[in-house]
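Numbering (my numbering), first residue to last: 1201 to 1484.
Pasting the structure below:
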């Protein structure tokens, strides 16, 4: 089996089983089996796999057909141009969450963000992306899951930011030792009813997905902790699920009537991030 034949085989069988992004996933799995770069893969498409490589590749395809995510199979996920180690202890970072990093870096251009908290850090992708782009900032990364923090620690070591990111185990903002200038939060926001429907198709940790009956249970809990953990001129960037931004902003307004609140859409036009500040807009 040549590289080209292996790719063709994987694409066909993954497509037949309704695996999304079958061409991309086929490439990732083959590259992982061969331990080569994308350039190397396409440089010599007629090169043959060794029997050992072919066996390894077919075993990876079998794992993917059993609905194990490719990111867990390869122990890798790209986020904000960086490669992160991931496994079943953490939620797989999504591309839409990169908007949180974009917005945080935009805020940093106009405001002093000496201290930042990444809430529900998982593998540490957001915290590390911010640390590498904002080298003067002190960053706290919290997660209720000790196993998730073990993965985040591996990634912090990988990128040499262990001294600048303090990993804290606990519930949301409770474990922060001081008020911070920016809270970035990607909380569980899947409704329980939807969670039950997807449970047989998803091997990611339920703790990182379960947002309660309406998907906003953790958001309300975070808001209840916010006053003592956000500096008076600080900001919150919160990722929300589909059709959740309006309900989230309504809850913010009920608790902080004078606050400044803005909803930011993602590249697909979906209201994705709520930007919140305790400081009201001028004239409000």
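Beta carbons: idealized from backbone N, C-alpha and C, even for Gly.
Distance between residue j and residue i (C-alpha atoms, nearest Å)
i, j, result
"residue 1490", "residue 1332", "There is simply no residue 1490 to check, as the chain begins at 1201 and stops at 1484 in what is shown."
"residue 1378", "residue 1251", "57 Å"
"residue 1459", "residue 1363", "34 Å"
"residue 1317", "residue 1242", "41 Å"
"residue 1449", "residue 1224", "37 Å"
"residue 1447", "residue 1453", "10 Å"
"residue 1288", "residue 1343", "15 Å"
"residue 1295", "residue 1218", "21 Å"
"residue 1423", "residue 1326", "20 Å"
Limits of the beta strand (DSSP E) - the one that residue i falls within
i, result
"residue 1465", "1460-1465"
Terminal residues of the alpha helix (DSSP H) in which residue i lies
i, result
"residue 1302", "1298-1310"
"residue 1369", "Residue 1369 -> not in any alpha helix (DSSP H); beta strand (DSSP E) instead, spanning 1365-1369."
"residue 1224", "1222-1234"
C-beta neighbour in chain D for residue i, strict 8 Å
i, result
"residue 1320", "This model lacks chain D altogether, as it is built from one protein chain only."
Selected residue, minimal CA-CA separation from residue i, among the options
i, options, result
"residue 1214", "1349, 1261 and 1422", "1261"
"residue 1228", "1277, 1441, 1445 and 1267", "1277"
"residue 1247", "1238, 1203, 1235 and 1207", "1203"
"residue 1431", "1381, 1309 and 1376", "1381"
Exposure of residue i, with buried meaning 16 or more beta-carbon neighbours within 10 Å
i, result
"residue 1429", "buried"
"residue 1231", "buried"
"residue 1469", "exposed"
"residue 1441", "buried"
"residue 1435", "buried"
"residue 1284", "buried"
DSSP three-state assignment for residue i, whether helix, strand or coil
i, result
"residue 1284", "strand"
"residue 1484", "Note that residue 1484 scores 47 on pLDDT, short of 50, meaning its location in the model is unreliable and no value can be drawn from it."
"residue 1456", "coil"
"residue 1204", "helix"
"residue 1405", "coil"
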